[in-house]
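For the sequence shown, full-length UniProt numbering gives the first residue as 1, with consecutive numbering after it. Don't be surprised by glycine CBs; every beta carbon is placed ideally from N, CA and C. In this text the structure is predicted, and so the values were computed from the model without any measurement.
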Amino acid sequence: MSITEIESYRLSRRGFLNAAALGAASIAVSACATTGPGPVEPPPPPTYVEPPLADYTSMYAAVSDGGFDLPAIPFDRIDPQFLRQIVPDPTGQKPGTIIVDTTGHFLYLVRPGGQAIRYGVGLGRAGFEWSGDAVVQWKQKWPKWTPPDEMIARQPELKPYSADNGGMPGGLKNPLGARALYLFQGNVDTLYRLHGSPEWKSIGKSVSSGCVRLMNQDIIDLYDRVPSKTPVIVTSDASQPMAAAATANHKAIPIDAGVPDGSVLLGPVKAVTNAIF
Numbered sequence: 001m002s003i004t005e006i007e008s009y010r011l012s013r014r015g016f017l018n019a020a021a022l023g024a025a026s027i028a029v030s031a032c033a034t035t036g037p038g039p040v041e042p043p044p045p046p047t048y049v050e051p052p053l054a055d056y057t058s059m060y061a062a063v064s065d066g067g068f069d070l071p072a073i074p075f076d077r078i079d080p081q082f083l084r085q086i087v088p089d090p091t092g093q094k095p096g097t098i099i100v101d102t103t104g105h106f107l108y109l110v111r112p113g114g115q116a117i118r119y120g121v122g123l124g125r126a127g128f129e130w131s132g133d134a135v136v137q138w139k140q141k142w143p144k145w146t147p148p149d150e151m152i153a154r155q156p157e158l159k160p161y162s163a164d165n166g167g168m169p170g171g172l173k174n175p176l177g178a179r180a181l182y183l184f185q186g187n188v189d190t191l192y193r194l195h196g197s198p199e200w201k202s203i204g205k206s207v208s209s210g211c212v213r214l215m216n217q218d219i220i221d222l223y224d225r226v227p228s229k230t231p232v233i234v235t236s237d238a239s240q241p242m243a244a245a246a247t248a249n250h251k252a253i254p255i256d257a258g259v260p261d262g263s264v265l266l267g268p269v270k271a272v273t274n275a276i277f
C-alpha cells in the first residue's frame with residue numbers, strides 16, 4: 001500500500017471515529033432531556049393581610065364630624081395597649097364578630113386571616129353587669145341621650161333631658177359621644193351600648209357610669225366598619241367567649257331610656273343563635 005493510500009485510510013478512520021463519538025454524545029444528551037414541561041402546581045391562595053392602620057398622629061387627630069369639632073386626643077398620654085391596633089385574633093370567632101373583653105378592657109373586631117382590630121375601652125357599671133351575645137340592631141351618629149327614670153331619680157339635675165322633655169341632643173358633651181351601637185337580643189333592647197366618649201382618660205379603666213365607651217375617634221372608626229346585624233359577644237374571657245357568654249347573661253343597668261318609640265331598626269331578629277355567628 002502506498003503512502004498516499006495509508007494517509008487517506010487514516011483520515012477516513014479518524015472521521016468515522018469522530019462522527020461516532022458525536023453521535024454517542026448526542027444520544028446521551030437527549031436521554032437526559034425532558035420531553036416537555038411537567039405539571040405546574042397553582043400557587044397557594046394569598047393569606048389575607050389587614051391593611052395597615054394610619055399612624056397615631058393621624059388616627060387621633062382633631063376632626064370635624066357632623067357639624068362638631070372633635071379635639072385631638074393626646075395618645076402619648078394613654079397606655080399604648082389601649083390604642084387602636086391590629087393584633088392576632090385571640091377569640092377564634094368568625095370575621096365580622098365583635099368581642100368585648102370586660103377583663104382586659106378591650107374590644108376586638110375580628111378580621112380575616114386570624115387577625116383582629118383591637119380598641120381600648122372604658123367600662124361602667126353596666127359594662128360589668130351585662131354579658132352575653134346580641135346583635136347591633138340600631139346605629140346612630142351623634143345620638144340623642146335620654147336618661148332613664150331611675151337615673152333622674154338619683155340625679156334630678158338630669159330631668160331637663162328626660163324622655164318627656166325630648167332628651168339631650170347629640171353633641172360634644174353628650175354621654176353617648178359621636179356614635180352609638182345599640183345591642184338587641186331578638187327584638188328586645190338589652191339597654192347595652194357601645195358608644196363614644198370625650199373622656200379619653202377613662203379608656204382602659206372602670207368608671208362610674210356607662211356601658212362600653214371608646215374614644216370618639218375610635219367609635220367613629222368602628223361604626224364605619226360595622227354593618228347591620230353585626231354579632232356581638234360580651235364576655236370576661238376573650239379566648240373563650242362562647243362559654244363565658246353562655247353562663248352569664250344578665251340584664252344591663254340602663255344607661256338611657258331605650259331606643260325611642262317609632263325608631264326604624266335594622267330589621268327583625270327572631271333569635272340570636274350560633275347560625276348568626
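C-beta atoms of residue i and residue j nearer than 7 Å
| i | j | result |
| --- | --- | --- |
| Gly177 | Asn216 | yes |
| Gln85 | Arg111 | no |
| Arg193 | Ile255 | yes |
| Thr97 | Pro231 | yes |
| Val136 | Leu70 | no |
| Ile233 | Asp149 | no |
| Trp138 | Val259 | yes |
Bounding residues of the alpha helix (DSSP H) (the contiguous stretch that carries residue i)
| i | result |
| --- | --- |
| Pro221 | The sequence shown places Asp at residue 221, not Pro. Taken as a continuous stretch (DSSP letters only), the alpha helix (DSSP H) holding Asp221 covers 216-225. |
Option in the options with minimal Cα separation from residue i
| i | options | result |
| --- | --- | --- |
| Ser58 | Glu150, Pro74, Val49 | Pro74 |
| Gly113 | Trp138, Tyr48, His105, Ser162 | Tyr48 |
| residue 318 | Ala238, Asp221, Gln240, Gly258 | Because the chain spans 1 through 277 in this model, residue 318 falls outside it and cannot be assessed. |
| Arg77 | Pro241, Trp200, Gln240, Val226 | Trp200 |
| Gly66 | Val121, Trp142, Phe184 | Trp142 |
| residue 298 | Leu172, Lys173, Pro147, Leu183 | The question about residue 298 has no answer here: the residues shown for the chain are numbered 1 through 277. |
| Leu109 | Gln140, Ser239, Val226 | Val226 |
| Gln140 | Thr235, Leu183, Gln240, Ser239 | Leu183 |
| Ser239 | Thr103, Gly122, Gly120 | Thr103 |
| Leu214 | Pro90, Val121, Ile99, Phe68 | Val121 |
Residue i versus residue j: straight-line alpha-carbon distance, rounded
| i | j | result |
| --- | --- | --- |
| Ser228 | Gly196 | 18 Å |
| Ala61 | Pro156 | 36 Å |
| Gln115 | Asp218 | 18 Å |
| Ile152 | Asp164 | 12 Å |
| Pro52 | Phe82 | 17 Å |
| Val207 | Val63 | 26 Å |
| Asp101 | Glu41 | 43 Å |
| Leu107 | Leu158 | 30 Å |
| Ser202 | Pro175 | 13 Å |
| Gly170 | Pro88 | 35 Å |
| Ala72 | His105 | 22 Å |
| Val212 | Asp237 | 16 Å |
| Gly186 | Ser131 | 15 Å |
| Pro95 | Asp224 | 15 Å |
| Val188 | Pro39 | 58 Å |
| Ala257 | Leu191 | 8 Å |
| Asp79 | Gly92 | 26 Å |
| Gly204 | Ile99 | 15 Å |
| residue 317 | Leu172 | Look at the range of the chain in this structure, 1 to 277, and you will see that residue 317 is not part of it. |
| Thr235 | Pro241 | 6 Å |
| Phe68 | Tyr56 | 21 Å |
| Glu50 | Leu123 | 27 Å |
| residue 339 | Arg125 | One cannot answer for residue 339 here, as it falls past the ends of the chain, which runs 1 to 277. |
Residue i at chain C interface by Cβ criterion, 7 Å
| i | result |
| --- | --- |
| Pro52 | Reference to chain C is not applicable here, since this structure consists of a single protein chain. |
N- and C-terminal bounds of the beta strand (DSSP E) containing residue i
| i | result |
| --- | --- |
| Thr190 | 188-197 |
| Ala134 | 132-141 |
| Ala257 | Segment: none, Ala257 is in no beta strand (DSSP E) and carries neither H nor E. |
| Thr235 | 231-235 |
| Phe106 | 106-111 |
| Ile117 | 115-120 |
| Pro88 | 85-88 |
| Val207 | Where Val207 is concerned, there is no enclosing beta strand (DSSP E), given that its DSSP letter is neither H nor E. |
Heavy atom of the ligand ZN within 6 Å of residue i beta-carbon
| i | result |
| --- | --- |
| Tyr161 | Ligands in the displayed structure: none, and consequently the ligand ZN is not present. |
Which runs of the alpha helix (DSSP H) at least 4 residues long sit entirely within the segment 146-180? Give them in chain order.
Entirely contained in the segment 146-180, the alpha helix (DSSP H) runs reaching 4 residues are, in chain order, 149-154.
Segments assigned alpha helix (DSSP H), at least 4 residues, entirely inside the segment 40-79:
The qualifying runs are 56-59.
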